Every structure is written in structure tokens, then in C-alpha cells.
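Asks: By this note's numbering, the letter at position 65 of the sequence shown is numbered 60, and the numbering carries on one by one without gaps.
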Amino acid sequence: GDMDGTVLLKRGEHLTPLASVTIEFVSESGVVVKQVRSEYDGYFYADGLPVGAVKVRVAQEALDLIEARSETVSVRLTHDRPSMSGVKLLMTAGS
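#1: Could you check the C-alpha separation between residue 4 and residue 74 for me, to the nearest Å?
#2: Could you pull out every residue in the same chain whose Cβ sits closer than 7 Å to the Cβ of residue 69, ignoring the five residues on either side in sequence?
#3: In terms of residues, what are the limits of the beta strand (DSSP E) holding residue 56?
#4: CA-CA distance, residue -2 and residue 18?
#5: Here's the rule I'm using: 16 or more other beta-carbon atoms within 10 Å means buried, otherwise exposed. How should residue 14 be labelled?
#6: Suppose you measure from the CA of residue 84 to the CA of residue 12; what does that come to, to the nearest Å?
#7: When you compare each of 71, 58, 76 and 46 to residue 86 by their alpha carbons, which one comes out closest?
#8: Nearest CA to the CA of residue 39: which residue from 88, 20 and 65?
#9: Under the assumption that residue 33 contacts residue 2 (Cβ atoms under 8 Å), give the Cβ distance between them as a whole number of angstroms.
#10: Here's the rule: buried if 16 or more other CB atoms are within 10 angstroms of the residue's CB, otherwise exposed. What is residue 76?
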């Protein structure tokens, strides 16, 4: 399967796309099956993902670098729907 989306940093009420953020794709068994980096505009794309439940997250090193936190997004890729578009990963800076 494949997936695309955007990684954004939220500071207060402001959202900013982030470049060069490592995004991880984790299989149902908890294995990181793919890593990609976001583009200049926060956009990311990954192909070759396994069918089934996939968790998408910002790599911990990226969160530590700017002292941010982020939620993991869970999606399900199926043989009938192997593509997912428009996934938003939101990193929140500050307390």
C-alpha cells in the first residue's frame, strides 16, 4: 500500500508545516516497516506499506529535537483500499 500526508507543528494557535521530519510506519506486530522524511512543505509519501493496520508516527528523535509531542495515527490498508491520502500528523510544542 501507500500513504501520503502532512506533518505540522502547532505552537499556540499557529500551524507550520515542517521539513525533514522522520515519519515512521509501524506494522501490526510493532516493527517499523518504513521511514520517510517530510518535504519542504511538510508533505510525506510512503509506498510499499503492508496491508493491514499501520500506525503512523513522528520519530522520537524529531520530537526530542524540538521538545514536542505527537499522537500516533492508526490506519487500515486493505486489498480493496491499499492507499490512504491526507494523513495529518500534528506535533505540539510547549507544555
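In this text, a Cβ means the ideal position worked out from N, Cα and C, and glycines have one as well. Given the structure is predicted, the values throughout are model-derived calculations rather than measurements.
Replies: Looking at the atomic coordinates:
#1: Along the sequence shown, read from residue 1 onward, the residue named residue 4 stands at position 9. Along the sequence shown, read from residue 1 onward, the residue named residue 74 stands at position 79. Near 32 Å, if we compare the C-alpha coordinates of residue 74 and residue 4.
#2: Position 74 of the sequence shown, counted from the first residue, corresponds to residue 69. Excluding residues within five positions, the ones whose Cβ falls inside 7 Å are 48 and 50.
#3: The residue you call residue 56 lines up with position 61 of the sequence shown. It is not in any beta strand (DSSP E) - residue 56 instead sits in the alpha helix (DSSP H) that spans 55 to 60.
#4: Here residue -2 corresponds to residue number 3 of the sequence shown, with the count starting at 1. Here residue 18 corresponds to residue number 23 of the sequence shown, with the count starting at 1. Rounded to whole angstroms, residue -2 to residue 18 spans 11 Å at the Cα level.
#5: As a first step, residue 14 must be located in the sequence shown, where it is residue number 19. So residue 14 ends up on the exposed side.
#6: Stepping through the sequence shown from its first residue, residue 84 is reached at position 89. Stepping through the sequence shown from its first residue, residue 12 is reached at position 17. Roughly 10 Å between the two C-alpha positions.
#7: Locating residue 86 in the sequence shown gives position 91, where the first residue counts as 1. Per the Cα distances, 58.
#8: Locating residue 39 in the sequence shown gives position 44, counting from the first residue. Residue 39 has its Cα closest to that of 20, out of 88, 20 and 65.
#9: Counted from its first residue, the sequence shown places residue 33 at position 38. Counted from its first residue, the sequence shown places residue 2 at position 7. At roughly 5 Å, the Cβ-Cβ gap stays under 8 Å, so residue 33 and residue 2 are in contact.
#10: What you label residue 76 is simply residue 81 of the sequence shown in a count that begins at 1. Exposed, because fewer than 16 other Cβ atoms sit within 10 Å of the Cβ of residue 76.
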